[in-house]
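Here's the structure we're looking at; comments come further down.
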Amino acid sequence: FTKEDIVPSHVDKFLYIIAPLVSLFPALVTFAVVPFGDQMTVNMFDHLVTIQFQVADINVGILYIVGIASLGVYGLIVGGFGSNNKYSMLGGLRSSAQMISYELPMGLAIISVVMLSGSLRLNDIVTDQSSLLAWNIFRQPLGFIIFFVAAFAETNRLPFDLPEAEQELVGGYHTEYSSMKFSAFMISEYSHIITASSLVATLYLGGWQIPGLAALNLPIVAEQLLQILAFIVKTSFIIFIFMWVRWTLPRFRYDQLMNLGWKSMVPLGLLNVVLTAAVVAFF
1108 FTKEDIVPSH VDKFLYIIAP LVSLFPALVT FAVVPFGDQM TVNMFDHLVT
1158 IQFQVADINV GILYIVGIAS LGVYGLIVGG FGSNNKYSML GGLRSSAQMI
1208 SYELPMGLAI ISVVMLSGSL RLNDIVTDQS SLLAWNIFRQ PLGFIIFFVA
1258 AFAETNRLPF DLPEAEQELV GGYHTEYSSM KFSAFMISEY SHIITASSLV
1308 ATLYLGGWQI PGLAALNLPI VAEQLLQILA FIVKTSFIIF IFMWVRWTLP
1358 RFRYDQLMNL GWKSMVPLGL LNVVLTAAVV AFF
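Under my numbering, think of the first position of the sequence shown as 1108, with each following residue one higher.
Below is the structure:
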C-alpha cells in the first residue's frame, strides 16, 4: 500500500488502471446473495419486522452467482492486455482459458444441487439441508468434489496458479503492477477464496443449518447467533483447506490442468447430472 504507484509509460493507461477494479468487483458482489443466517421476525414498536441475514435475497441467486462470477475473467485478461507486456499477456490468456474451462464443470455440479433442492434460491437450498444426512456433501459427493476442485481453478490458487507461474511468466498478468493496484489483485484473489468457501458451505455443508438446533428451544436471538457462528466456522474450515492444499501440493503443468478440466471434470460433471436426474425422476 505504501509503495510508489508507478504507471509504466508503455501501458494502455485506461485498461491498466481499470483492470484491478474489474477483477475485484465480481468477488465482492457475488457474496451479496449468500445467506449467513435464517431470517428473523421481531416486534419493533408494535410492528413485525423481518430481518434478513443476507444482503440481497433474490429468487434466482444461483444464476446471479454464475453470471457475476464469470465476469472476473475480464479483469485478468484486461490487465494482461493493458500492460502491453508479453509475460502479462500470456498470464492473462492462461487465466481466461483456465477459468472458462473450469466454469463448465462447476456449473454442472451446481445444476445437480438445483435439481435436488428444486429451487434457484440459496435460502431454499440451505433449508432443504435441514438434517445432517440431508447435507448435499452426502447426497452429492461427486458433485462436491467437482465443485471444490473447480473452485481452486477459478480462484487461481495452488495447485492451479498457472497464470502467475514465476518460473515461466515472471509474475503473470500482474507483472507490471505495483502499490495499490497490485494489492487490489491480491485482495480480489483472497475475496474469491472467501466467496468460494462460503458457497461450498452453503451448497454442500448445510449453510447456517445446525442439525438438532430447533429441538433445544433456544431464544430466537441465541439461535440466530449460533447459526451465524456455524456458517462462519464452516466457511473458515473450507478456507483452511484452501491454504492446506496450497502448502501441500506442487503446481500442475498447463497441459495437465487442461486435461483434468476437459477430459475428467466435464465428463464426470455430465455423469453426475444424469445420475441426479435419474434419482429425482425415479426415487
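Every residue gets a Cβ at the ideal spot worked out from N, C-alpha and C, and that includes glycine.
Practice prompt. For serine 1295, verify whether its CB is less than 7 Å away from any heavy atom of the ligand MN.
Written response: The model on display carries no ligand, and the ligand MN is accordingly not part of it.
Worksheet item: Where do the ends of the beta strand (DSSP E) carrying asparagine 1192 lie?
Response: Taken as a continuous stretch (DSSP letters only), asparagine 1192 belongs to no beta strand (DSSP E), as it is neither H nor E.
Worksheet item: Roughly how many angstroms lie between the CA atoms of threonine 1148 and tyrosine 1297, to the nearest whole one?
Response: 34 Å
Worksheet item: Does the stretch 1294-1314 come within contact of the stretch 1240-1250, defined as at least 3 CB pairs closer than 8 Å?
Response: yes
Worksheet entry | Where asparagine 1324 falls: helix, strand or coil (DSSP) | coil
Worksheet item: Taking DSSP as the reference, what is the three-state secondary structure of valine 1167?
Response: coil
Worksheet entry | Segment contact, 8 Å Cβ cut-off, at least three pairs: the stretch 1341-1352 with the stretch 1297-1306 | yes
Worksheet item: Exposed or buried, what is threonine 1157 when buried is set at 16 or more other beta-carbons lying within 10 Å of its beta-carbon?
Response: exposed
Worksheet entry | Opposing strand residues paired with valine 1149 [DSSP bridges] | Val1156
Item to complete: Keeping to the same chain, check which residues put their C-beta closer than 8 Å to that of valine 1180; ignore five residues upstream and five downstream.
Response: Ser1202, Ser1203, Met1206 and Ile1207
Worksheet item: How is arginine 1264 classed by DSSP in three states: helix, strand or coil?
Response: coil
Discussion item. Given a cut-off of 8 Å on the beta-carbon distance, is the pair glycine 1168 and leucine 1227 in contact?
Written reply: yes
Practice prompt. Enumerate in chain order the residues of its own chain whose CB-to-CB distance from alanine 1260 is below 8 Å, with the five nearest sequence positions on each side excluded.
Written response: Gln1205, Met1206, Ser1208, Tyr1209, Phe1267, Leu1364 and Gly1368
Item to complete: Measure the CB-CB distance between valine 1141 and serine 1305 and report whether it falls below 8 Å.
Response: yes
Worksheet item: What number of angstroms, rounded off, separates the C-alpha of threonine 1355 from the C-alpha of phenylalanine 1254?
Response: 20 Å
Worksheet item: When the Cα atoms are used, what is the spatial distance from phenylalanine 1160 to leucine 1229?
Response: 12 Å
Item to complete: Quick one: using the 10 Å Cβ neighbour count with 16 as the cut-off for buried, is aspartate 1153 buried or exposed?
Response: exposed
Fill in: Delimiting residues of the alpha helix (DSSP H) encompassing valine 1162
No alpha helix (DSSP H) contains valine 1162, which DSSP labels as neither H nor E.
Discussion item. Buried or exposed, going by whether 16 or more other CB atoms sit within 10 Å of the CB of glycine 1376?
Written reply: buried
Worksheet item: Is it true that the CB of aspartate 1145 sits closer than 8 Å to the CB of glutamine 1334?
Response: yes
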